[in-house]
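A.B. asks: Numbering (mature numbering (1 follows the signal peptide of the UniProt record, and there is no 0)), first residue to last: -19 to -1, 1 to 427. Using N, Cα and C, we set each Cβ at its ideal position, and we do this for glycine too. Predicted model, so just to flag it, every value in this text is computed and none were measured.
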């Protein structure tokens, strides 16, 4: 009896081992997952603008303080505060009584000088007749001529005084020195104003067009000028450079601007240079002091390599990386240097060559070393023709149907891909299908 039990134990172990081997063989014959599908772009050199995104503030094109030009009491304000005014429009009225009297006195002085001139002219003519008949002396004639000239000078002086009095009388009406938008009145009726006053009556700002003064670090400006001097970039003239503006809330401003000039001095406190651009402001939405961001085109890179910004990844140190495909459609993680961004595209300065395939979409389902199925990536923000997306989608569906062994396998692959992140470590699981496809199933199991 005991010998029968001893004999049964090896037989049972052999049966269990045989069942395990058959299970492994069946597992090795299970269908493999197809490679993950990723959207890629093929890099190429192209001419792209070098655009600097700079912070700045809005400034009026013209600004003037309204000041009195004569002394007196403000008797009336004749403008609406916060309104648009025209050049020469009356704003304040100063008491005119004193200046009207001065004008009358000046006119009387002119009349007196005219009478004196008439008498001096008659005396000179009479003396000339007498000296010609030798009835009077030459000295008497010379005195008469001198008196005539003095009378003419007195009349000119009186007329100048009259003109000055009339100007002062006109200055009692304080007018707008420029056209623009006037702010609040800083004085009221009854206030005494004078030429020596340090306080303005109001301020006028011209708001159409407006200036956008932005700050650029001098180091960045030097690098840009060196690239232009070395021929790496093509010069863009200020009058043709594209300039756009974005409001503080991120809303793009609808009107394009133009670059006017760059300051020739550097701010010693900030190490920055001021660039001034001009924008139309017909709607009055841009106000002085408003914070804005201005994109200034400062050159053309004729051999730029650009990739969609969403393809750029960052490591823990903040360095830029890209997923690049090799010749076997395997993913490689490549460290690159991003020079700048233009819209939704990143300009790669180092680490990428023309003709390489960069993964833009779908890299979340896989990882470095995995074999993938590349498909052409299309920008979802672009506006292609209405029929183009449908045709492309149909072509992609047909290609996927031909590549898949069956409906069940096609359905299983997305399910596995979606389940991968829940496993804990996404990268090893994403690499497992690619390795299984490259090596026999038995070796993978080992």
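Consider the Cβ of residue 67: report whether some Cβ of chain C lies at a distance smaller than 9 Å.
C.D. replies: Here chain C cannot be found, since the structure has a single protein chain.
A.B. asks: What would DSSP say about residue 37, mapped onto helix, strand or coil?
C.D. replies: Strand at residue 37.
A.B. asks: Can you tell me whether DSSP reads residue 121 as helix, strand or coil?
C.D. replies: Three-state result, residue 121: helix.
A.B. asks: List in chain order: all unbroken alpha helix (DSSP H) runs of 4+ residues lying wholly within the stretch 76 to 136.
C.D. replies: Here the runs fully enclosed are 78 to 113.
A.B. asks: Helix, strand or coil: how does DSSP classify residue 141 here?
C.D. replies: DSSP places residue 141 in helix when its eight states are reduced to three.
A.B. asks: Secondary structure at residue 60, three-state DSSP: helix, strand or coil?
C.D. replies: Of the three classes helix, strand and coil, the one that applies to residue 60 here is coil, per DSSP.
A.B. asks: Would you mind stating whether residue 189 and residue 261 have Cβ atoms separated by less than 9 Å?
C.D. replies: Yes.
A.B. asks: Please report how far the alpha carbon of residue 339 lies from the alpha carbon of residue 317, in whole angstroms.
C.D. replies: Cα-Cα distance, rounded: 12 Å.
A.B. asks: Out of 244, 29 and 72, which one is the CA nearest neighbour of residue 154?
C.D. replies: Checking every option, the nearest Cα to that of residue 154 belongs to 72.
A.B. asks: So, helix, strand or coil for residue 317, using DSSP?
C.D. replies: Looking at residue 317 - three-state DSSP - the assignment turns out to be coil, as it is neither helix nor strand.
A.B. asks: Which residues in the same chain as residue 331 place their Cβ atom closer than 6 Å to its Cβ, once the five residues preceding and following it in sequence are excluded?
C.D. replies: Closer than 6 Å at Cβ, skipping near neighbours: 318.
A.B. asks: Kindly indicate which three-state DSSP category residue 181 falls into: helix, strand or coil?
C.D. replies: It is coil, neither helix nor strand.
A.B. asks: In or out: residue 282 buried (at least 16 other Cβ within 10 Å) or exposed?
C.D. replies: That one is buried.
A.B. asks: Whole angstroms is fine: what's the gap from residue 230's alpha carbon to residue 344's?
C.D. replies: So the two alpha carbons sit approximately 32 Å from each other.
A.B. asks: Out of 221, 354 and 251, state which residue places its alpha-carbon closest to the alpha-carbon of residue 238.
C.D. replies: It is 221 whose Cα lies nearest to the Cα of residue 238.
A.B. asks: Tell me whether residue 192 is buried or exposed, calling it buried when 16 or more other Cβ atoms sit within 10 Å of its Cβ.
C.D. replies: With 16 or more other Cβ atoms within 10 Å, it is buried.
A.B. asks: Using 10 angstroms around the beta-carbon of residue 122, count the other beta-carbons present and answer buried if the total reaches 16, otherwise exposed.
C.D. replies: With 16 or more other Cβ atoms within 10 Å, it is buried.
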